[in-house]
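Asker: Have a look at this one.
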Amino acid sequence: TNTPATLVLLFGATGDLAKRKLYPSLYNLYEKGILSEQFAVIGIARRRLTHEQYRNWVKDSVETFGMPQEKIGKFIRHFYFQSHDVTDENSYRELKGLADELDEKYAANGNRIFYLAMSPEFFGTVAESLKEYGFTDTKGFKRLVIEKPFGWDLSSAVELNERIRSAFSEKEIYRIDHYLGKEMVQNIEVIRFANAIFEPLWNNRYISNIQITSGETLGVEERGRYYEKNGALRDMVQNHMLQIVSLLAMEPPIRLTTDEIRSEKVKVLRALHPIEKKDVHKYFVRGQYGRGIIGGKEVPAYREEPMVDPNSNTETFVAGKLMIDNFRWAGVPFYIRTGKRMQAKTLKIVVQFKDIPMNLYYRNGSSLNPNLLVIHIQPEEGITLHLNVKKSGRTMETTPVKLNFSNKNVDGINTPEAYEKLLYDILRGDATNFTHWDEVAYSWNFVDPISEAWAEEKADFPNYAAGTFGPKAADELLQRDGFFWWPIT
Ligand code: NAD
4 TNTPATLVLL FGATGDLAKR KLYPSLYNLY EKGILSEQFA VIGIARRRLT HEQYRNWVKD
64 SVETFGMPQE KIGKFIRHFY FQSHDVTDEN SYRELKGLAD ELDEKYAANG NRIFYLAMSP
124 EFFGTVAESL KEYGFTDTKG FKRLVIEKPF GWDLSSAVEL NERIRSAFSE KEIYRIDHYL
184 GKEMVQNIEV IRFANAIFEP LWNNRYISNI QITSGETLGV EERGRYYEKN GALRDMVQNH
244 MLQIVSLLAM EPPIRLTTDE IRSEKVKVLR ALHPIEKKDV HKYFVRGQYG RGIIGGKEVP
304 AYREEPMVDP NSNTETFVAG KLMIDNFRWA GVPFYIRTGK RMQAKTLKIV VQFKDIPMNL
364 YYRNGSSLNP NLLVIHIQPE EGITLHLNVK KSGRTMETTP VKLNFSNKNV DGINTPEAYE
424 KLLYDILRGD ATNFTHWDEV AYSWNFVDPI SEAWAEEKAD FPNYAAGTFG PKAADELLQR
484 DGFFWWPIT
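Dropping the structure here:
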C-alpha cells in the first residue's frame, strides 16, 4: 500500500458528489491495493442511517459503475455513519467520540482528512467548529478538502478564507479543482517541458494564439438554484479555465515541487491584463441558451428550466480574450469559451503557430494551413499535431496531415478518473494539483470587473440555440483579430 493510515470525515455523505465520484474513486484505490487497510470513513449527513444502511448506500453507488466487485464486501466495512447537522453545536461532541474511537480501532495515528462535500455556505462554519471541538487538535496530520465554489467574488472569498485559516494552515487546505486531476491537463506540463521541439517555440515569436474550448451538451439539469446565482463565469472561468491558462502560460518551474509550480502559475494570473468594467465588451462575450436540438431531441431554453427565473440574466456561455502582460506572451491572445448545451461535450486546447515567413507553395490563391498542436482532454485523451506535407505524385502541392497520439491506445486501460487521482494526492499529502489561495485571489480579482459590468446591464438573452457553439458574438471576438475558432473535431 502507498497511503498512510487515515480517518476520513466525509461531510455530505449522502450527496451527489459523494455518490457519483468519491465512493467509486475510493473503491478503485482500494481495489488496486493502494489504500491502506488502516483507513476508515465516517459518513456525515443530516438524515438518520445505521452503519449498515450507509454501507449499502456506498455499495450501491460503487455497483452502479460496474467495477469488479470481489472486494466490495470488505471495502464497505471501513465505512461508518454519523447523523449530524453541521449547524448544530451539540452534535459535534458525539461525532468527536466516534472519530476518536475509530482512530484507535484503525490505528490511524491521529491522521485526519475532513472532506466537505456539501454546500459552500457551510465551509466556514464546519472549519471553525472542527477547531472549537478539538478535531484539529490531533497528533497526526490534518487536511481540509473543499469543493468549489470558493467564494462568489474576491471579498467573499477573502472572508471565507479567513474563517478556514483560523483552523487550518494554507498547507493543510486542499481546494479541489477537478480539472487539475485530469490526466491530459497534468500532461500539459510534460508536453511542454519534456520535449525539445515545443518549449523553444512556446512564446510570442512563434505562437499566434491559443484557444481553449470547454463544452457540455447538458443543460442546467437540477442545479438551477445554484446556477442562477453563479453563471458560467463564476462556475467555469474563475477556476477551471484560468487554471488551464496558467498551466499553458507558466514559465518552467525550477523544480517539480508543489511550491515551485504554484508560484509559476500565480505569476501568470498576476500578469493577466486587467479588464476594466468599461472595456469588458471588447474582451468578453456572454450567452444564454434558447431552445434547440441536441442528439436529435428538442431541448428547452435555459429560462424554461426548473428553478430558473423566466427573465433570467444568468449566462450559460462565456467567451473571452485574455492577454498576458509579460515578455513571453505579450501580443498573443488566449481565447477561452465554455458553455452549457453546446454542440459537443468537449475539452480541447488548440495552439496555433504563426505562419512561416514566406509561402513557397502558394498556388492559385491557396494558403498553407498553419501548424496546430491540439491537446484533447475530453472525451478522448491525446494530442494531434497538424503539419503540411507534399501531396504524392508529380506535383509540388502541399496537403495537411495530422500526427495523432491517443492515450487509450498506449495504456490499454481507461485512465483513472480525476477524483481518484486527487484523492490519492490528498491521502499522500501532495497539494500540487490543488488551488493555492493566491491563485483563487488573483482569479477573482480578474473576473470581478466582468461580473460587475454584466450585473449592471441586462443582456439580450437567449442569444444562442442549444446545440451550437454559442452566440455569433463569440465568433466575432476572434474575427476582429483575424482568427477563427478551429473546429473542435
Ligand atoms: P448535494 O446537495 O447533493 O449533497 C449535500 C450533502 O450535504 C448531503 O449529503 C446532505 O445531507 C448534506 N447536508 C446538507 N446540509 C447539511 C447540514 N446542515 N448538516 C449536515 N449535512 C448536511 O451536493 P453535491 O452535489 O454533492 O455537492 C457538494 C459540494 O461539491 C458542493 O460544494 C458542490 O458545489 C461541489 N461539487 C459538486 C459536484 C457534483 O458533481 N455534484 C461537482 C463539483 C463540485
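At position 199 of the sequence shown (counting the first as 1) the number is 202 in full-length UniProt numbering, and the numbers step up by one without a gap. In this text, a Cβ means the ideal position worked out from N, Cα and C, and glycines have one as well.
1) Just to confirm, does V188 get its C-beta within under 8 Å of one of the non-hydrogen atoms of the ligand NAD?
2) Below 9 Å between beta carbons: does that hold for T220 and G470?
3) So what's S266 in DSSP terms, helix, strand or just coil?
4) Skipping 5 residues on each side, what residues in its chain have a beta carbon closer than 7 Å to that of N207?
5) Kindly list the residues whose CB is nearer than 6 Å to the CB of D414, restricted to its own chain and excluding five residues on each side of it in sequence; keep chain order.
6) By alpha-carbon positions, which one of I213, M187, A235 and V44 ends up nearest to E420?
7) At 3 residues or longer, and completely inside the stretch 203-259: list those beta strand (DSSP E) runs for me, N to C.
8) List the residues that DSSP assigns as beta-bridge partners of F337.
9) In this structure, how does DSSP classify E301 when only helix, strand and coil are distinguished?
10) Within a Cβ cutoff of 6 Å, which residues of the same chain sit near residue 3, ignoring the five residues on either side of it in sequence?
11) What do you reckon, is the C-beta of Y365 under 8 Å from a heavy atom of the ligand NAD?
12) So, do the stretch 144-152 and the stretch 164-177 have three or more beta carbon pairs nearer to each other than 8 Å?
13) Quick one: Cα of I116 to Cα of L350, how far?
14) Let me check one thing: in DSSP terms, what residues is G295 bridge-paired to?
15) Whole angstroms is fine: what's the gap from N242's alpha carbon to S446's?
16) Using the C-alpha atoms, what's the distance from E124 back to R80?
17) Verify whether the separation of the beta carbon atoms of D451 and D238 is less than 9 Å.
18) Since M310 sits in a beta bridge, which residues does DSSP pair it with?
19) Which residues in the same chain have their Cβ closer than 7 Å to the Cβ of E308, if we skip the five residues on either side of it in sequence?
20) For G113, I'd like the list of residues in its chain whose CB is within less than 7 Å of its CB, leaving aside the five on either flank, ordered along the chain.
21) Pair every Cβ in the stretch 124-139 with every Cβ in the stretch 71-90, then say whether three or more of these pairs are closer than 8 Å.
Answerer: Let's see:
1) Taking the sequence shown and counting its residues from 1, the one referred to as residue 188 is at position 185. No, the Cβ of V188 stays beyond 8 Å of every heavy atom of the ligand NAD.
2) The residue labelled residue 220 in the question sits at position 217 within the sequence shown. The residue labelled residue 470 in the question sits at position 467 within the sequence shown. Going by beta carbons, T220 and G470 fall inside the 9 Å limit.
3) The residue you call residue 266 lines up with position 263 of the sequence shown. Here S266 sits in helix by DSSP.
4) Within the sequence shown, the letter at position 204 stands for residue 207. Same-chain partners within the cutoff: R331, W332, A333, G334 and V335.
5) As a position in the sequence shown, residue 414 is number 411, starting the count at 1. Only weak support exists for where D414 lies, its pLDDT of 46 falling under 50; the value from the coordinates is given anyway. Within the same chain, D414 has no close Cβ partners at all.
6) On the sequence shown, residue 420 is found 417 positions in, with the first residue counted as 1. Comparing Cα positions, the closest option is M187.
7) Taken in chain order, the complete beta strand (DSSP E) segments of 3 or more residues contained in the stretch 203-259 are 210-218.
8) Here residue 337 refers to the residue found at position 334 when the sequence shown is read from its first residue. Residue pairing by DSSP puts F337 in a beta bridge opposite I213 and L325.
9) Here residue 301 refers to the residue found at position 298 of the sequence shown. DSSP, reduced to helix, strand and coil, places E301 within a strand of the structure shown.
10) The first residue shown for the chain is 4 and the last is 492, placing residue 3 beyond what the model contains.
11) If you number the sequence shown from 1, residue 365 lands on position 362. With a cut-off of 8 Å, the C-beta of Y365 is classified as distant from the ligand NAD, since no heavy atom of the ligand falls inside that distance.
12) When Cβ pairs closer than 8 Å are counted between the two stretches, the stretch 144-152 is seen to touch the stretch 164-177, the count reaching three or more.
13) As a working mapping, residue 116 is identified with position 113 in the sequence shown. As a working mapping, residue 350 is identified with position 347 in the sequence shown. Approximately 31 Å between the Cα atoms of the pair.
14) Counted from its first residue, the sequence shown places residue 295 at position 292. Partner(s): V302.
15) To locate residue 242, count along the sequence shown from 1; it is residue 239. To locate residue 446, count along the sequence shown from 1; it is residue 443. Rounded to whole angstroms, N242 to S446 spans 7 Å at the Cα level.
16) Here residue 80 refers to the residue found at position 77 of the sequence shown. Here residue 124 refers to the residue found at position 121 of the sequence shown. For R80 and E124, the gap between their C-alpha atoms comes out near 31 Å.
17) As a position in the sequence shown, residue 451 is number 448, starting the count at 1. As a position in the sequence shown, residue 238 is number 235, starting the count at 1. Taking 9 Å as the Cβ cut-off, D451 and D238 do not qualify as a contacting pair.
18) Residue mapping note: residue 310 aligns to position 307 of the sequence shown, counting from 1. Per DSSP, none; premise fails for M310.
19) Taking the first residue of the sequence shown as 1, we reach residue 308 at position 305. Result list for E308: G222, V223 and G227, in chain order.
20) Residue numbering aside, residue 113 sits at position 110 when the sequence shown is read from its first letter. Result list for G113: D106, T141, K142 and G143, in chain order.
21) Segments in contact, yes.
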